[in-house]
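Below is one structure, written out as structure tokens; comments come after it.
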Amino acid sequence: MLFISPHTYIAAVLFLCLMGFIYWAILRGMVNTPSETLPTVQFFSVFWIPVFFVVPLLTMRSIAGERSIGTLDTLMTTPTSRVAVILSKFAGAYLFYMLLWVLTIGFPLVTEKLYPNAAESGALLEVEPLVGSFLFLATSGLLFISIGIFASSITRSQLVAGMLTFTTLFVVIIGGQQMGNLADAGGELSSWVVAAVNYLQIFEHLDDFSRGIIDTRPFFYYTSTTFLLLGLSTLVIEAKA
Amino acid sequence: METIPSIRVKDLTRQYGALTAIRKVNFTVNPGEVVGFLGPNGAGKSTTMRILSGIMSATSGSAWVGGICVAQNPHEVKRKIGYMPENNPLPDDMRVVEYLRFRSRLKEVPGHKLRAAVEEAMEICDLARTARRKIIGTLSKGFRQRVGIADALLGDPEIIIMDEPTIGLDPHQIQGIRKLIDNLRGKHTVIISSHILPEIERSCDRVIIINRGRIVAAGTSKELREEFLPSNRFSLIVEGNDSAVAACLAGRGIDAEILECTPIAENWSELNLRVENEGNLGPQLIQLLSNQREFILHSLAPREPNLEEIFLAATKRSWEETIETKPKISA
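Which chain is which? The protein sequence lines are A and B, in order.
The first sequence lines up with residues 5 to 245 when you count with the working numbering.
The second sequence lines up with residues 23 to 353 when you count with the working numbering.
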């Protein structure tokens, strides 16, 4: 349903327009005030802006929409398993989300093509931060999309699903950062609290990934919570069909 | 060798919190039968169908579809059932042929048979030439129903369950759906739920009437007539004093009651007569009512009680009775 619905393509166009504007703003900013960080790194550090609206838009219809029009019932009468239903909904949304991010490579490519002498050779398309950032987006995307799928599975209203996804993403992304700030300010917190809070620091993860530090802990964090949320979604549609 | 019934339901009960949607429902449907599932709104028709198709579990009791227990092996049961839910939900953004191909894949139709299966279902439902590439959201109600039925037919299931397939259709469309159901007779076991009684009467071999979660009657229309409305009924057109008709019959030892008297013209009325005596009374009545001074008999025709009357009689009786007192039902 995701790929035949006009909503999906509207979300995609909005995403690409917004990201194109952000990329242009970053390049413009660099012209005025030279910066040490690469434009690519700066560009991916604002990943949360599109996540807040694209993830709810891509996932809110997935199960809540089917439930409200009744097609979830017809789906359940086929020999398809509940797990397959959830995994395919997840896979569809996740692959589309990643496709959108992959399309953003077009921005540096276009810039380089149009202004070959404007930037230092290779600065726009440096491979290492690009690979690191994409690895981060791919792993964190698992969690973000699974939050959306879970929110969509527990309600029959798409609007409620969208709002729940947005709020949860906000808590996960910004809340983790705020907890990190609190932990830093506290000073006397025991080391395990600091370790636990650091574990949830999504911005720190991005920083590490884009510098080429591939730690297994974020992988574990994202994949385990993804499995948990998708498992819960399966149980919910099993019980609420 | 005893044939395995297509559907066997034993003591099926489903509760939603404090509300009991169905209570100890028992019935059997044999292969190739077209069975009508009849009941007022909220009687438990959809609940029973949802349990049979494996969407919902029962609180207690058992159901077997093609000899397989629904609770123990819902996955296998779903391969045997084509289900069209109430209100026939369809994705509005897809094209008819795309949707049916998608559904075939979900129903595990093998790749090399997929195209042929979709074509056959569209052909049966008369969609192939008219609506193949149309977007479902733009289709009329009648075509949407056809798409729903075509979907239920995909994968050649043994049993087809349709929840209110004719709701909201115009008479032409209803006739089309009826023909379609006739085509399925013998090849598939069909269960149709409806509260539109003439529909069920015309299409179904057997009727199961459910009221307030209980089965109150089951059998062919003829059996139900004999059980619930055993007396003879006649429709008469008389000119003159209509009240003299009952008096005239009573005088000749016939226990008759005028159920309804409708004036159709000046001094003319149509009478709906119930006669308690059994046997072929038509000729006797014509003889008795002819050559009367007070009225002239213009026509007399036997009147079969329709399913509506049976339904009203059965649901009225169900207030007092339960399934346990009616062993005929689980036959």
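Think of the CB as a built atom: it goes at the ideal place given N, C-alpha and C, for glycine as much as any other residue.
Kindly give me the distance between the Cβ atoms of residue i and residue j, rounded to whole angstroms, as I take these residues to be in contact under 8 Å.
i               : j               : result
H210 of chain B : I182 of chain B : 5 Å
L258 of chain B : L310 of chain B : Contact doesn't hold; Cβ gap of about 12 Å is too wide.
Y101 of chain A : G145 of chain A : 5 Å
M106 of chain B : D33 of chain B  : Contact doesn't hold; Cβ gap of about 26 Å is too wide.
L6 of chain A   : A97 of chain A  : 6 Å
I29 of chain B  : L74 of chain B  : 6 Å
L134 of chain A : T44 of chain A  : 6 Å
R154 of chain B : M144 of chain B : 7 Å
R255 of chain B : E279 of chain B : Contact flag wrong, Cβ pair sits at about 10 Å.
I268 of chain A : W52 of chain A  : Residue numbering for chain A in the displayed model covers 5 to 245; residue 268 of chain A lies beyond these limits and cannot be assessed.
L42 of chain A  : E130 of chain A : 6 Å
T35 of chain B  : A85 of chain B  : Not a contact, Cβ separation roughly 11 Å.
L176 of chain B : A139 of chain B : 6 Å
Q181 of chain A : F140 of chain A : With a Cβ gap of about 15 Å, Q181 of chain A and F140 of chain A do not count as contacting.
Checking the sheet assignment: what are the DSSP bridge partners for residue i?
i               : result
Q37 of chain B  : B:T42
T279 of chain B : The sequence given here has Glu at residue 279 of chain B, not Thr. Looking at the DSSP assignment, E279 of chain B forms a beta bridge with B:R296.
L322 of chain B : B:L258
T50 of chain B  : B:R30
C270 of chain B : Answer is none; C270 of chain B lacks a bridge partner.
W105 of chain A : According to DSSP, which records beta bridges pairwise, W105 of chain A is partnered with nothing at all.
V229 of chain B : B:G58, B:G241
F317 of chain B : B:G262
A85 of chain B  : B:V31
W290 of chain B : B:E261, B:A287
H210 of chain B : B:R207
M184 of chain B : B:M106, B:I214
C91 of chain B  : B:W86
R18 of chain B  : Coverage of chain B is limited to positions 23 through 353, which leaves residue 18 of chain B absent and any answer about it impossible.
When burial is assigned at 16 or more other CB atoms within 10 Å of the CB, is residue i buried or exposed?
i               : result
L163 of chain A : exposed
E186 of chain B : buried
Q197 of chain B : exposed
G69 of chain A  : buried
Q46 of chain A  : buried
G133 of chain B : exposed
G273 of chain B : exposed
K102 of chain B : buried
L113 of chain A : exposed
H209 of chain A : buried
Y119 of chain A : exposed
R137 of chain B : exposed
W105 of chain A : buried
F174 of chain A : exposed
K129 of chain B : buried
N302 of chain B : exposed
A239 of chain B : buried
K163 of chain B : exposed
L161 of chain B : buried
D192 of chain B : exposed
T152 of chain B : exposed
T78 of chain A  : buried
P324 of chain B : exposed
N36 of chain A  : exposed
I232 of chain B : buried
P179 of chain B : buried
T344 of chain B : Bear in mind that the predicted position of T344 of chain B carries a pLDDT of just 49, short of 50, making it unreliable; the figure below should be weighed with that in mind. T344 of chain B should be labelled exposed.
Q205 of chain A : buried
Y13 of chain A  : exposed
K135 of chain B : exposed
R125 of chain B : buried
Taking contact to mean 3 or more Cβ pairs, one atom from each stretch, closer than 8 Å, check whether the region 40 to 57 of chain B and the region 90 to 102 of chain A are in contact.
no
Are the region 91 to 98 of chain B and the region 151 to 171 of chain B touching, with three or more C-beta to C-beta distances below 8 Å?
no
Would you be able to state if there are at least three C-beta pairs under 8 Å between the region 215 to 232 of chain B and the region 52 to 62 of chain B?
By the Cβ test, the region 52 to 62 of chain B is in contact with the region 215 to 232 of chain B, since at least three Cβ pairs between them sit closer than 8 Å.
Given 8 Å as the limit, is there contact between the region 25 to 39 of chain B and the region 226 to 241 of chain A, that is, 3 or more CB pairs closer than that?
Under the three-pair Cβ rule at 8 Å, the region 25 to 39 of chain B does not count as touching the region 226 to 241 of chain A.
Counting only runs of 3+ residues fully inside the region 155 to 189 of chain A, write out the beta strand (DSSP E) ranges in chain order.
none
Any chance the region 198 to 209 of chain B sits against the region 108 to 125 of chain B, with 3 or more Cβ pairs inside 8 Å?
no
Within the region 93 to 164 of chain B, note down every full beta strand (DSSP E) run reaching 3 residues or more, in order along the chain.
103 to 106
Can at least three beta-carbon pairs, one atom from the region 71 to 84 of chain A and one from the region 211 to 222 of chain A, be found at a separation below 8 Å?
no
Using 8 Å as the threshold, is the region 262 to 277 of chain B in touch with the region 311 to 325 of chain B, meaning 3 or more CB pairs across them?
yes
Spell out a yes or no on whether the region 138 to 158 of chain A and the region 221 to 235 of chain A are touching, meaning 3 or more CB-CB pairs, one atom from each, closer than 8 Å.
yes
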